[in-house]
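Residue numbers (my numbering): 1074 to 1421. Glycine included, each C-beta is placed from N, C-alpha and C at the ideal position. Below is one structure; the comments refer to it alone.
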Amino acid sequence: MADTILCIDIGSGTQDVLLYSPDMEVENCPKFVLPAPARRIGEHIRQLTGKGRDIWLHGSNMGGGVSRAVRAHQQAGLAVAATPGAAYTMADDLSRLEESGIRLTEQCPEGSAPVHLTDFDEAWWRRFFETAELDWPGSVAACAQDHGFHPGKSNRMGRFNLWRTLLTEGAGRPESLIWDSPPAMLTRLADLGRDIGGGPVADTGAAAVLGALYVDEIEAHGRRTGITLVNIGNSHLIAFLLFDGRILGVYEQHTGCVDGPKLWADLARFRRGSLSFDQVFEENGHGCLTLDLPPEADGFGPTYVLGPRRSLLAGYDVTFPAPGGDMMLAGCFGLIKGLALRGPKSGR
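Right, here's the structure in full:
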């Protein structure tokens, strides 16, 4: 039996999971939708708040949903300490974090309850697999959203530089969105890659868009003419212009900053190459960048939309694909597609 891959798409509310086996029909591969790690750990912190326990956070930089539970813990008059590595979950600027009352220490203060932060708890997953009577996978691949580490700078602009690099240095290859070693600024993904055992990682929005290419008809369509791929997440939306196997444009905005008509108008300008970085940034988004758009792409009209907020574009001339038969697992299938496109480990 070929090696299985545990693919995990870690969101703020859920983690969507595919146990992929290349020699099994995809419909028969085990699939799960489970509470997100940040949600589970946040609930644990709230229980400790109710018990009046001080806490010490240790482990990794993980999803920021934990921050709300930590702030509520402080507001209840209880002490919070953290290792520097775990503290980056709450903020890039650790000096400001200390000013907020969080004590930085590598040792658990006496009387405090330790709370382990991680987007991937291997011990938890091994118990899960044992209970489900599943063999441990040959490898793990995961995606999560990472604003990046930009102390003293704009997170929005810093994150968008990631996409700028993709277009200008990565030749716009979709498979370049999958990393064995993520860029240094992506500290959450770096910790996630370490915690899963050195496996490949990706940004969750990019993985979802790659998931659309898992559908053979969509990939073939994008070879013949330009297409627009959109992932509308709960907090972020991202769109790519794709033609002949290359990404030629990227647009990223906060979902809460647009409604259906506004998004559709932005996408129309994006396809024409007339939507500017400054316009999107000034509207509290991350930005927009397009390369020279070839006439052979024919305007990038066909539009495929994924994501939990995809209904924003209901009623418009779009298609809602379901990669592998399940839209919720688009990110997982995107990881599989990205790995297939790049072939054997490239050392990236």
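Close Cβ partners of residue i (< 7 Å) along its chain, the five nearest in sequence each way excluded
| i | result |
| --- | --- |
| residue 1318 | 1296 |
| residue 1136 | 1083, 1085, 1109, 1110, 1111, 1192 and 1217 |
Residue i - partner residues in DSSP beta bridges
| i | result |
| --- | --- |
| residue 1088 | 1083 and 1107 |
| residue 1285 | In the DSSP output, where bridge partners are listed per residue, residue 1285 has none listed. |
| residue 1377 | 1302 and 1392 |
| residue 1130 | 1155 and 1188 |
| residue 1359 | DSSP, once it has assigned bridges, lists no residue as partnering residue 1359. |
| residue 1327 | 1309 |
| residue 1217 | 1083 and 1276 |
Within 8 Å, strictly: CB atoms of residue i and residue j
| i | j | result |
| --- | --- | --- |
| residue 1122 | residue 1151 | yes |
| residue 1134 | residue 1264 | yes |
| residue 1396 | residue 1288 | yes |
| residue 1077 | residue 1108 | no |
| residue 1325 | residue 1309 | yes |
| residue 1147 | residue 1139 | no |
| residue 1189 | residue 1132 | yes |
| residue 1306 | residue 1372 | no |
| residue 1119 | residue 1248 | no |
| residue 1155 | residue 1129 | yes |
| residue 1282 | residue 1302 | yes |
Burial state of residue i, where buried means 16 or more other Cβ atoms lie within 10 Å
| i | result |
| --- | --- |
| residue 1270 | exposed |
| residue 1191 | buried |
| residue 1169 | exposed |
| residue 1304 | buried |
| residue 1207 | exposed |
| residue 1112 | buried |
| residue 1367 | exposed |
| residue 1278 | buried |
| residue 1110 | buried |
| residue 1204 | exposed |
| residue 1393 | exposed |
| residue 1377 | buried |
| residue 1173 | exposed |
| residue 1125 | exposed |
| residue 1094 | buried |
Other residues of its chain near residue i: CB distance less than 6 Å, five sequence neighbours each side excluded
| i | result |
| --- | --- |
| residue 1079 | 1092, 1210 and 1213 |
| residue 1406 | 1284, 1287, 1396 and 1397 |
| residue 1266 | 1274 |
| residue 1420 | With a pLDDT of 43 at residue 1420, under the threshold of 50, the modelled position of that residue is not reliable, and no figure is offered here. |
Neighbourhood of residue i by C-beta distance below 8 Å, restricted to the same chain and skipping five residues each side
| i | result |
| --- | --- |
| residue 1294 | 1300 and 1375 |
| residue 1245 | 1239, 1319, 1320, 1321 and 1364 |
| residue 1167 | 1157, 1160, 1161 and 1177 |
query = Can we say the region 1175-1189 touches the region 1205-1220, given the rule of at least three CB pairs closer than 8 Å?
reply = no
message = If contact is defined by three or more beta carbon pairs under 8 Å, each pair taking one atom from either stretch, is the region 1399-1409 in contact with the region 1307-1325?
response = no
message = Below 8 Å, how does it come out for the region 1171-1180 and the region 1249-1256: are there three or more Cβ pairs, yes or no?
response = no
request  = Decide if the region 1360-1373 is in contact with the region 1236-1252; the criterion is three or more beta carbon pairs, one per stretch, under 8 Å apart.
outcome  = yes
The region 1409-1416 in contact with the region 1329-1341 per 3-pair CB rule at 8 Å = no
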